[in-house]
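First to last, the sequence lines map onto chains B and W. So for the first sequence, our numbering puts the first residue at 8; every next one is plus one. So for the second sequence, our numbering puts the first residue at 1229; every next one is plus one. A quick write-up on the structure given underneath.
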Amino acid sequence: MKHKVAVTVNGRKHEHEVEPRLLLVHYLRDVVGLTGTHIGCDTSQCGACTIHVDGKAVKSCTMFAVQADGRSLTTIEGMATGDELHPIQQAFWDEHGLQCGYCTPGFIMAAAYLLEQNPNPTEDEIRRGLEGNLCRCTGYVNIVKAVQTAAKTMSGTPARKTQVAAGGN
Amino acid sequence: MAVTQLVGAKIHRREDPRLITGHGHYIDDFTRQGTAYAAFARSPVAHARIKSIDVTDASKAPGVIAVYTARDFKGQLAGTHPAAPAFVAEKKYVPERFPIAEKEVTYQGEIVAVVLAESKGQAADAANMIQVDYDELPAVMDLEKALAKGAAKAHSDGPDNVCWDFTYTPLDLTEAAFKEADVVVKERILQNRLAPVPMEPRGVLAEYEGFDKKLTLWLSSQNPHFIRLFVSGALGLKESQVRVISPDVGGGFGSKISPYPEDYLVPALSRMTARPVKWIETRTESIQNATHGRGQFYDCEVAAKKDGTLLAMRVVQYVDVGAYHGTFGAFQPVACLMAGGGYKWKGISARTVGVLTNRVPTDPYRGAGRPEATHLVERMVDLVALELKMDPVDIRKKNFIQPEDFPFTQNFGLVVDSGDYEKALDKAMQLAGYAELRKKQAELRKQGRFMGIGLSTWIELCGFGPSAATAPATGGIALVESAQVRVTPTGAVIVYTGTHSHGQGHETTFSQIVADQLGVPMENVELRHGDTAEGTSFGYGTYGSRSLAVGGVAISKAVGKVIDKGKKLAAHIFEAAEEDVVFEHGSYHVKGSPDKSKAFGEIAFASYGMGLPEGMEQGLEAVAYFDPPNLVWPFGTHIAVVEIDAETGTTKIEKYVAVDDCGNIINPMIVDGQIHGGVVQAIAQALYEEVVYDESSGQLKTGTMIDYLVPSMGEIPTFIIDKTITPSPTNDLGVKGIGEAGTIAASVAVINAICDALSPLGIKHVDMPATPDKLWHMMKEARQ
């Protein structure tokens, strides 16, 4: 039997009939068609599927789509405003906080919630706060730096302008 | 035109905007109209005869299109799984491998049946309804027991469990050196079996178009051209009928090199059903079936003089091959050839033994053989130092190959191209504050605390080629690299490379090289890779830290050809002799008349016009292959400082210093990133990760991320990293590889630090992973 689910994703309303067993992450990827949210583990360890549900970071593999009925969701696709990157996205770019990029959407969403709760975290608070997300490429060094840089930008401290050489985009 | 020097600069990665906004294209982001979904039924036991497979219920399940077993693929897929000779020219027994088991399963996870259904969920549901009657056989798990006479066999129809037993250099080679030794140190050193765990699991989407007889395969691969070669062969198609597209790849670490059973089965299903077919691996399938790394042990002996002079080494490597020979599984014996590390030896006796077991096959995993070599030699050198009560620094400096010795022919005939090992060691010691650390250690020891300092003065060989060495190793195809550079009439530059990034940032670094060489802005250059329908006829892929040192050089050569053609055309336009035309800062001029110049873009436009020099064809493009004359040889020193909690056995890394030398650097930000990630993967091997099977039943006990401990940022310290730069004489760019260096260097730095910390208790050697439980027990036992 299918159930109706009505959600707002990145400000747009969606209504679908879904199987009750459909995970929220599969709903977002396969039904809504937003593939920026990734699946890395199936056991809620890796955090690649992290999104915001009513403003809170949630691993979207830990919820059924039907549980999101009536909620407001933000995915990685909803973080930038037009061409303007979210300060956390900018900081991941500036600090080389990603390599293969697969875990990155989840990290950015988890970091956004962390900085909302704690706008000026210490390195240790960042490491504890994001230990629910796994990365296999970066060794985490530059992810920590990216979150620190984003914290500075978002708290109004002028961000260090990164030199982008000609053609570097 | 003033253009910033790009090579050597921190340039933001061009691939990032799409990846940080959720607009990357990984394998699971693709689908085709009318796609059917595959799910595999896999053996739940390690070793058994298949008595019967009942697919009745599964076939009737909702949404199921069909259920297939081995017999259905017999006319569809030919041949056996490829097993490259690699570093072992002669094999004893290589079991045949069909992508789906028919009569016998030989590891937990081996495919026995496949369901095709209208949705992923329906396919998975039906796969669980397949009834297989297994007649269980003993599981071969222990390497030594597997080698004993009359041992149970991993394949019941095999002669025994010996896949290979190959002696590189005989024992008597080192007999004299062992006779003159003052000390001989022996140790057995384990290499824990590891799961590569790229964050993106594997996946295959295949679409066979029957009327065109063309197959398009989307899969997550480090080397799409090799997959095209293998899959076309197995399906009886020409390579021209198969197009492999490997989009953004979410990490590989070696596990996305070899072809897998699903790479054959999914396209075969598409051809059988005339529908696109998709399969995406679950994480458990990934840990269970993607090739593992390491899984070895080494019996080592080192002979030395009492002044610390190293004389000779004897090493026997035992490799857990797994149930089948991994396509590049025999690469791992390169550990034997690298066992001497950065030191001079009178002789090294080396032998490798590959043992078949009922576990998933092993294959290259980041570093592949070189982390093992570094681990064993650096461990053995420390054991000699401990025996002689020497500082680990002194014994290293005494035995290093010296800068004036390069090019240095080592014990196995490999020519080490360049190096300055002491310089990197000195720099690392200075950054770590080595002398102060030793003082602090002495104080802490008085308080009963266990602090240790571990060194790893590592070297590696990478950048495969050259052709003479690699063509025999692959069974015929030399590991060179290809590049094509096309310049459009308006001067846009499109570069195709046969390598394929899975996180290394080639779109950025390779474009930096091209833009500098052509003197054009970087936005005029576009790099394309990962699609066999584009670019040169063959590409060789990304592994073995080869992309820049082979592929980057090929690109540079192709750009050189384009510049040369442009020069001929410019000479014609200037009515000057070709040798009088100069190309600099992106434009051509006649020597002495820089004011009358033609920009590269103008020459590109002219090349598509009329009035070209006699015999010159239109267009501006070139293909180049680079066959490197040698491998490249990065090196460095890592220092780990640890403290072990006496109550819990927990290791805390207090400080980690890495000084690495990869020759000239294109983008320092990317080099640092490679070091960070590589070091953490090795720390993970040293402290956390191990694929564990039940030793009697062969059941995988670490099949999820709950049980297999990939470290999070909470476990990992921050690092102090620095460089020395010794340009490689092997290629024109002076570059060496850096993708694997961190992983090659770091495990033994951590373990040497742990052993140093525990040496007051008389503990000499600790194997990986050095878990709190293991250390607590060792410390408890040592105190009794």
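The C-beta atom is built at its ideal place from N, Cα and C for all residues, glycine as well.
Scanning its chain for C-beta atoms nearer than 7 Å, with the 5 sequence neighbours on each side dropped, one finds around W/P1366 the residues H1275, A1380, in chain order. At a cut-off of 9 Å between C-beta atoms, B/C56 does not count as an interface residue with respect to chain W. Taking CB atoms only, B/Y120 has no neighbour in chain W less than 9 Å away. Neighbours of W/R1511 across chain B, judged by C-beta separation under 9 Å: I46, G47, C48, D49, T50, Q52, C53.
Going by DSSP, W/P1599 is part of the alpha helix (DSSP H) stretching over 1598-1616. For a cut-off of 8 Å, the C-beta gap from W/T1259 to B/E84 is around 18 Å, too long to register as a contact. Within the segment 1231-1246 of chain W, V1231, T1232, Q1233, L1234, A1237, K1238, I1239, H1240, R1241, R1242, E1243, D1244, P1245, R1246 place their CB atoms closer than 9 Å to a CB of chain B, listed in sequence order.
Across the set B/V14, B/C48, B/L30, the C-alpha of B/C48 shows the shortest separation from the C-alpha of W/T1932.
Membership of W/L1776 in any alpha helix (DSSP H) is not indicated, and neither H nor E is assigned to it by DSSP.
The beta carbon of W/F1828 sits closer than 7 Å to those of G1719, L1746, G1747, V1748, G1794, G1814, S1815, all from its chain and outside the five residues before and after it, given in chain order. Residue-level contact check: W/M1941 touches chain B, since one or more beta carbons of chain B fall below 9 Å from its beta carbon.
Comparing C-alpha distances from W/K1506 to each of W/Q1675, W/I1831, W/K1348, W/M1679 shows the shortest one belongs to W/K1348. For secondary structure counted as the alpha helix (DSSP H) over 4 or more consecutive residues, the segment 1401-1433 of chain W holds these complete runs in sequence order: 1403-1407. The C-beta distance from W/C1391 to W/K1288 rounds to 42 Å, too long to fall under 8 Å, and the pair is not in contact. Under the DSSP definition of a beta bridge, W/C1690 partners with W/V1860. The C-beta of B/Q96 comes closer than 9 Å to at least one C-beta of chain W. As a beta-bridge residue in DSSP terms, W/G1575 pairs with W/A1540. Note that the segment 1572-1590 of chain W does not touch the segment 1490-1510 of chain W; fewer than 3 beta-carbon pairs, one per stretch, sit closer than 8 Å.
Near chain B, meaning a CB-to-CB distance below 7 Å, the residues of the segment 1423-1439 of chain W are V1425, P1426, M1427, E1428. Beta-bridge partners assigned by DSSP to W/G1521: W/L1422. Your pair W/V1477 and W/S1514 does not check out as a contact, with CB atoms roughly 14 Å apart and the cut at 8 Å.
Secondary structure in the segment 1248-1306 of chain W: the beta strand (DSSP E) runs of 3 residues or longer, each lying completely within the stretch, are 1264-1270, 1276-1282, 1292-1297 in chain order. W/I1741 and B/T44 have their C-alpha atoms roughly 33 Å apart.
Between W/V1340 and W/L1584, the gap from beta carbon to beta carbon reaches 9 Å or more.
Close partners of B/A87 in chain W (Cβ separation under 7 Å): T1249. For the pair B/E22 and W/H1253, the Cα-to-Cα distance works out to about 26 Å. Residues of the segment 1871-1893 of chain W with a C-beta atom less than 9 Å from some C-beta of chain B do not occur. A straight-line Cα-Cα distance of about 21 Å links B/A153 and W/H1734. For W/G1905, the C-beta contacts it makes with chain B under 7 Å involve Q106, C144, T145, G146, in order along the chain. Of the residues assessed, W/K1819 falls on the exposed side of the cut-off, its CB having fewer than 16 other CB atoms within 10 angstroms.
For W/M1679, DSSP records a beta bridge to W/E1871. For W/K1373, DSSP assigns no beta-bridge partner whatsoever. Closest in alpha carbon position to W/D1385, among W/V1333, W/P1862, W/V1342, W/E1415, is W/V1333. The shortest CA-to-CA distance from W/P1387 to any of W/S1784, W/Y1321, W/L1961 is the one to W/Y1321. In this structure, the CA atom of W/R1242 is about 53 Å from the CA atom of W/L1401.
If you draw a 10 Å sphere on the C-beta of W/Q1261, you find fewer than 16 other C-beta atoms in it, and that means exposed.
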